[in-house]
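Here this note's numbering = 1-based position in the sequence shown + 232.
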Amino acid sequence: MSFKEFHLHPSIESAIRRIGYNEPTPIQHQAIPLILHGKDLTGLAQTGTGKTAAFVLPILDRLLAVPHRQPRVLILAPTRELAEQTHEAIGVPGRDTGLKSVTVYGGVSKDPQIQKLRAGAEIIVACPGRLLDLADQGVIPFSDLKILVIDEADRMLDMGFMPDIRKIVKRLPATRQTLLFSATMPEDIQKLATAILHEPVVIRAGEGKPASTVAHAVYPVEPHLKTSLLMKLIERTKTESILVFTRTKHRTTSVAAKMKRAGFAVASLQGDLSQNRRQDAIAGFRDGKYRILVATDIAARGIDITRISHVINYDMPDTVEAFTHRIGRAGRAEKTGDAFTLATPQDRPLLSSIESVLGKQIERRILEGFDYATPAPSGIRPAGSTRSFNACGSLNRLPGRCPDVQGARSHGHKPASNGARNAPRSLDGFPRQLRSARAK
Ligand code: AMP
233 MSFKEFHLHP SIESAIRRIG YNEPTPIQHQ AIPLILHGKD LTGLAQTGTG
283 KTAAFVLPIL DRLLAVPHRQ PRVLILAPTR ELAEQTHEAI GVPGRDTGLK
333 SVTVYGGVSK DPQIQKLRAG AEIIVACPGR LLDLADQGVI PFSDLKILVI
383 DEADRMLDMG FMPDIRKIVK RLPATRQTLL FSATMPEDIQ KLATAILHEP
433 VVIRAGEGKP ASTVAHAVYP VEPHLKTSLL MKLIERTKTE SILVFTRTKH
483 RTTSVAAKMK RAGFAVASLQ GDLSQNRRQD AIAGFRDGKY RILVATDIAA
533 RGIDITRISH VINYDMPDTV EAFTHRIGRA GRAEKTGDAF TLATPQDRPL
583 LSSIESVLGK QIERRILEGF DYATPAPSGI RPAGSTRSFN ACGSLNRLPG
633 RCPDVQGARS HGHKPASNGA RNAPRSLDGF PRQLRSARAK
């Protein structure tokens, strides 16, 4: 199917050609006609499916029919990075249509945002806190608002934005079109949808699973060896840009600093950085100055760089949802990517949950030649040291062959096997089902 079938305004069609989209993605195929017809929508869509264009393109089309320069559309995003990303996604077709958007988020001065709002724009892309702040100052007229988009609603929930969202919704005209996008549909999001959407059509793309264009591998490792394994892994792997996720701000900074000292072109991104430093890190990562970006989950939200060939989970994420979001950063749209996860013995339960969502076991790999036997510096007791498992991620005492030995692709990366030299020696096994299968 082609974009022609939507009968979009010629200026939007020409913008689509200029951007280079050949055909709609599945979510666009479903959402665009519904949005053009003014329907409310719940879109269950993971990142990387083309969901931003799925709402931006028909919204621009609808806006062309109304007088310009009054806020008609409000797009709520959980982070400033996602707000900027969406603003940019509007900017390209916006140039052809003459429609404008402004971003509104905290952490930067209010004045430029107020000036841009006063200058007039049809679309506001905002994070909830600053939006409420400016609305309280009377800077944002909501009276002509026609469309509300809540993007990455589950993330908004995680970040505690639900009360703000409800406050915002109360200020909007009751007659409006509302679109809600979320990678997952926890109960609180369902309740919100019931409260603020009118007879919504529910569409799904990807069923909340990590993007299918991404190949996964787990590298079992003891905690004290993670940074050296990460660096060796990157040295040995053919990559474009690499996004490395860590769990804490402190670790983001320390891992990036160690990598920098070792000569890697690396930047770090975490919530404590000033907006300028964040933008420098993202811009440098996007234009290739930094091949590697080490980031926390929140900081990496909304990063849309098609050259990201690898996402590496230095730390496991806290939830299956966060895993899905992280992995969505690689393999965007038609590109493919790899997702490597460094997993310690403590990560076993979450890894099992992720595997059950994926519906398959993730391949375990060892990095050939890496010295897994290096002891922890004195005073640090290796986590999980009371148990041991082999490179398959199974208990050492279990005999037999690894069940998942096929498919290691990059050179120097071996599927884990019992006989592997330098294999991790004292890692507690993860998948319970693997253990019991092998024990039979
Ligand atoms: P999103 O899911 O909105 O974060 O989009 C992920 C990526 O897909 C972005 O880089 C978009 O530019 C790209 N994209 C969106 N729609 C299409 C399309 N129809 N064809 C190819 N790429 C697309």
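Where a beta carbon is used, it is the ideal one built from N, C-alpha and C, also for glycine. These numbers were taken from a predicted model, which means no experiment stands behind them.
Open item on the list: Tell me the DSSP secondary structure of I594 in three-state form.
Closed with: Correct three-state label for I594: coil.
Open item on the list: Using only the alpha-carbon positions, how far apart do L273 and S460 sit?
Closed with: Each residue's CA atom was taken as its position, placing L273 and S460 some 46 Å apart.
- [ ] Determine the direct distance from the alpha carbon of Q369 to that of I400, and round the result to whole angstroms.
- [x] Whole-angstrom Cα-Cα distance: 14 Å.
Open item on the list: Taking 8 Å as the threshold (C-beta atoms), are F238 and P265 in contact?
Closed with: Contact flag set, yes.
- [ ] Helix, strand or coil for L204, going by three-state DSSP, please let me know.
- [x] The displayed coordinates of the chain run from 233 to 672. Any statement about residue 204 would go beyond what the structure contains.
Task: Contact test: K592 Cβ vs the ligand AMP heavy atom, cutoff 7 Å - done: No - the ligand AMP has no heavy atom lying nearer than 7 Å to the Cβ of K592.
TODO: Return yes when at least one heavy atom of the ligand AMP lies under 7 Å from the C-beta of P265, else no.
DONE: Not under cutoff, so the answer is no.
Task: Exposure label - P290; buried when at least 16 CB within 10 Å - done: Of the other Cβ atoms in all chains shown, 16 or more fall within 10 Å of the Cβ of P290; this residue is therefore buried.
TODO: Tell me, please, which residues DSSP counts as bridged to Q347.
DONE: Bridge partners of Q347: none, in fact.
Task: Assigned exposure category for K458 - 16 Cβ within 10 Å defines buried - done: Flag for K458 reads buried.
- [ ] Report the partner residues of F572 according to the DSSP bridge assignment.
- [x] Residue pairing of F572 in beta bridges, as defined by DSSP: A449 and I544.
Task: Own chain, CB closer than 7 Å to D636, minus 5 neighbours either side, in chain order - done: Residue placement at D636 is poorly supported in this model, since its pLDDT is 30, which falls under 50; the coordinates still yield a value, given next. The answer, listed in chain order, is Q593, E595, R596 and P647.
- [ ] With Q278 as the anchor, note down where its beta strand (DSSP E) starts and where it stops.
- [x] Per DSSP, Q278 belongs to no beta strand (DSSP E) and is neither H nor E.
Task: Host beta strand (DSSP E) of Q409 (start-end) - done: Q409 -> beta strand (DSSP E) spans Q409 to S414.
TODO: Run through the segment 470-542 for me and flag every whole beta strand (DSSP E) of 3 or more residues, listed as ranges in chain order.
DONE: The beta strand (DSSP E) runs of length 3 or more contained entirely in the segment 470-542 are, from start to end of the chain, 473-477, 498-501 and 524-527.
TODO: Flag this pair as touching only if the segment 391-406 and the segment 322-342 have three or more C-beta atom pairs under 8 Å; answer yes or no.
DONE: Contact fails: fewer than three Cβ-Cβ distances are below 8 Å.
Open item on the list: Please classify I435 as buried or exposed, where buried requires at least 16 other C-beta atoms within 10 Å of its C-beta.
Closed with: Counting C-beta atoms within 10 angstroms of its own C-beta, I435 has 16 or more neighbours from the protein chains shown and is therefore classed as buried.
TODO: Provide the residue(s) that pair with V340 in DSSP beta bridges, ordered along the chain.
DONE: Paired residues: none, contrary to the question.
TODO: Spell out the partners DSSP gives A437 in its beta bridges.
DONE: Bridge partners of A437 according to DSSP: A277.
Open item on the list: Need the endpoints of the alpha helix (DSSP H) that I248 sits in, please.
Closed with: P242 to I251 is the span of the alpha helix (DSSP H), which, as asked, contains I248.
- [ ] Could you check the C-alpha separation between I540 and L525 for me, to the nearest Å?
- [x] Distance between the alpha carbons of I540 and L525: 10 Å.
- [ ] Quickly, what does DSSP pair V357 with across the bridge? List them, please.
- [x] For V357, DSSP records a beta bridge to I307 and T335.
Open item on the list: Can you look up I264 in the DSSP assignment and give me helix, strand or coil?
Closed with: Helix.
Open item on the list: Could you compute how far the alpha carbon of Y253 sits from the alpha carbon of A488?
Closed with: When rounded, the separation of the alpha-carbon atoms in Y253 and A488 is 35 Å.
Task: Residues near F329 in its chain [Cβ-Cβ closer than 8 Å; skip 5 each side] - done: The residue you asked about is not Phe; residue 329 is Thr in the sequence shown. Sequence-distant Cβ neighbours of T329 in its own chain, meaning closer than 8 Å and more than five residues away, are H241, S243, I244, A247, L292, L295 and L296.
Task: Contact between the segment 572-580 and the segment 408-427 (3+ Cβ pairs under 8 Å) - done: The segment 572-580 makes no contact with the segment 408-427; the number of CB pairs closer than 8 Å stays below 3.
- [ ] Flag G282 as yes when its Cβ comes closer than 7 Å to any non-hydrogen atom of the ligand AMP, and as no otherwise.
- [x] Flag set: Cβ of G282 near the ligand AMP.
- [ ] Just the C-alpha distance for A285 and T318, rounded to the nearest angstrom, thanks.
- [x] Each residue's alpha carbon lies about 9 Å from the other.
Task: Option nearest I544 by Cα separation, candidates Y451, K481, F602 and Q511 - done: I544 has its Cα closest to that of Y451, out of Y451, K481, F602 and Q511.
Task: Closer than 7 Å: E255 CB and nearest the ligand AMP heavy atom - done: Under cutoff, so the answer is yes.
Task: Closest residue to D420 among M388, M233 and R408 (Cα-Cα distance) - done: When only C-alpha atoms are compared, the closest one is M388.
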